[in-house]
Amino acid sequence: MKKTLLALALIAPLASCTATERGAGIGAATGAVVGGVATNSVGGAAAGAVIGGAAGVLIAQAERPGYCIYRDRYGRRYEARCR
């Protein structure tokens, strides 16, 4: 019961966010968990949160489902299938 209430308390604020904000929030949270578990350190969790948040934004900003926005080496944005 406590876990369910905690999950609802963490997810409920995302209801009023835009798709990009939701993508960034979910990506950051997932990245923090994965980074923390993989490295067993706070630094790994922080790095995972940054990477996950950036990936979440890119995925949420894509206009077509299944496509992500990337940058080439010249800084130009392009859309391609997500990796």
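Numbered according to mature numbering (1 follows the signal peptide of the UniProt record, and there is no 0), the sequence shown spans residues -19 to -1, 1 to 64. Every residue, glycine too, gets a C-beta built ideally from N, C-alpha and C.
- If the five residues before and after Ala19 are omitted, its C-beta is found closer than 7 Å to the C-beta atoms of Gly25, all from its own chain and listed in chain order.
- With a 10 Å radius around the Cβ and a threshold of 16 neighbouring Cβ atoms, Ala61 comes out exposed.
- Contact annotation: Ile32 and Leu39 have beta-carbon atoms that are not nearer than 8 Å.
- Less than 8 Å separates the beta-carbon of Ala9 from that of Gly37.
- Between Arg52 and Arg58, the C-beta gap is smaller than 8 Å, which places the two residues in contact.
- Gly29 and Gly16 have their C-alpha atoms roughly 5 Å apart.
- If you compare the alpha carbons of Gly34, Tyr55, Asn21, Arg45 with that of Thr11, the shortest gap goes to Gly34.
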